[in-house]
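Chemist:
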Amino acid sequence: GNSVTQMEGPVTLSEEAFLTINCTYTATGYPSLFWYVQYPGEGLQLLLKATKADDKGSNKGFEATYRKETTSFHLEKGSVQVSDSAVYFCALSDQGYSTLTFGKGTMLLVSP
Amino acid sequence: SAVISQKPSRDICQRGTSLTIQCQVDSQVTMMFWYRQQPGQSLTLIATANQGSEATYESGFVIDKFPISRPNLTFSTLTVSNMSPEDSSIYLCSVTGTGVGTEAFFGQGTRLTVV
Chain E
200 GNSVTQMEGP
210 VTLSEEAFLT
220 INCTYTATGY
230 PSLFWYVQYP
240 GEGLQLLLKA
250 TKADDKGSNK
260 GFEATYRKET
270 TSFHLEKGSV
280 QVSDSAVYFC
290 ALSDQGYSTL
300 TFGKGTMLLV
310 SP
Chain F
-13 SAVISQKPSR
-3 DICQRGTSLT
7 IQCQVDSQVT
17 MMFWYRQQPG
27 QSLTLIATAN
37 QGSEATYESG
47 FVIDKFPISR
57 PNLTFSTLTV
67 SNMSPEDSSI
77 YLCSVTGTGV
87 GTEAFFGQGT
97 RLTVV
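Residue numbers (the working numbering), protein chains in the order written: chain E, 200 to 311; chain F, -13 to 101.
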């Protein structure tokens, strides 16, 4: 079956530091890959996505590249802000299906 | 996009009782799902709520424990029956379109504590 593995948190950074949250996946076929973010007290919302190999998703300064050869979709941001503090979930969906398989989530804490 | 209203946002319940969670969407959607997020764990799909027919449950989840209704294309309920402390979780409603890479939208979740 499908699975998503992401690095455990919390990840603690100072403002303006570089962020990487690792995500690897196992799936049959060619899944779509997503990063969702959950800010404190709010629901999950889509941060970015990629639907085929070598695609790069980007939003709000965050980027992730779909690497089929390494089955990875690592999330990066060059300079984090305090407002980026949240829980980040990596997820995949099989082609043609709408249900998502999630990683366990990584909490990011950014201090001033 | 879709805006999802889920309620209650939180509740504390006695073991052995049942709680019904409501999910209202601001537009008609085909695909509606219920997820569970246990403390420190990932989101796990409970079932797909099908309009006009019985829900489709994932392995490990059964209708007697988690009955689901979907009377129309904008509304669904999930009931957590005969609760035990192990049911303490966040329950989330989600909707999505169809097609490759379609985005999922989530309600804010219901934080359930069973005592």
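Glycine is no exception: its CB is placed at the ideal position from the N, C-alpha and C atoms.
I'd like to know if F/T63 contacts chain E, where contact means its C-beta is closer than 8 Å to some C-beta of that chain.
Modeler: no
Chemist: Considering only C-alpha positions, which residue in the set F/R22, F/F61, F/P(-6) is nearest to F/E72?
Modeler: F/R22
Chemist: Can you determine whether any heavy atom of the ligand GDP sits closer than 7 Å to the C-beta of F/T60, and answer yes or no?
Modeler: Ligands are entirely absent from the displayed structure, and the ligand GDP is therefore not among its contents.
Chemist: Starting from the N-terminal side, write out each stretch of the alpha helix (DSSP H) that is 4 residues or longer and does not extend beyond the region 219 to 302 of chain E.
Modeler: Along the region 219 to 302 of chain E, the alpha helix (DSSP H) does not occur as any fully enclosed run of 4 or more residues.
Chemist: What does F/G87 reach in chain E if we use C-beta pairs closer than 7 Å?
Modeler: S231, K248, T250
Chemist: If you measure from the beta carbon of F/S28 to each beta carbon in chain E, is any gap under 8 Å?
Modeler: yes
Chemist: Considering only residues of the same chain and omitting the five flanking positions on each side of F/V11, which have a CB-CB separation below 6 Å?
Modeler: Counting only Cβ-Cβ distances below 6 Å, and skipping sequence neighbours, we find A(-12), I(-10), T60, V81.
Chemist: Under DSSP, the beta strand (DSSP E) around F/D(-3) begins and ends at which residues?
Modeler: -4 to -1
Chemist: Have a look at F/T16, F/Q24, F/K51, F/V66 and flag the residue whose alpha-carbon is nearest the alpha-carbon of F/Q8.
Modeler: For the residues F/T16, F/Q24, F/K51, F/V66, the minimum Cα distance to F/Q8 belongs to F/V66.
Chemist: To the nearest angstrom, report how far apart E/S274 and E/L291 are at their CA atoms.
Modeler: Here residue 274 of chain E turns out to be Leu, not Ser, going by the sequence shown. So the alpha carbons of these two residues sit roughly 14 Å apart.
Chemist: If you pair each beta-carbon of the region 223 to 232 of chain E with each one of the region -3 to 8 of chain F, do three or more pairs fall below 8 Å?
Modeler: no
Chemist: Output yes if chain F places a C-beta closer than 8 Å to the C-beta of E/L308; else output no.
Modeler: no
Chemist: Contact criterion: CB-CB distance below 8 Å. Does F/L59 meet it with respect to chain E?
Modeler: For F/L59, the answer is no, since every Cβ of chain E falls outside 8 Å of its Cβ.
Chemist: Any beta carbon from chain F within less than 8 Å of E/L299's own beta carbon?
Modeler: yes
Chemist: Below 8 Å on C-beta distance, what does E/E241 contact in chain F?
Modeler: Q94
Chemist: E/V279 and E/V236 look like a contact to me (Cβ under 8 Å); what is the Cβ gap, rounded to whole Å?
Modeler: Between E/V236 and E/V279 the Cβ distance is about 12 Å, and since that is not below 8 Å, they are no contact.
Chemist: Against chain F, does E/L245 count as a neighbour if the rule is that its beta carbon must be under 8 Å from one of theirs?
Modeler: Nearest CB-CB separation between E/L245 and chain F: below the 8 Å threshold.
Chemist: From the beta carbon of F/A90, is the nearest beta carbon of chain E less than 8 Å away?
Modeler: yes
Chemist: F/T88 lies in the beta strand (DSSP E); which residues open and close that run?
Modeler: Taken as a continuous stretch (DSSP letters only), F/T88 belongs to no beta strand (DSSP E), as it is neither H nor E.
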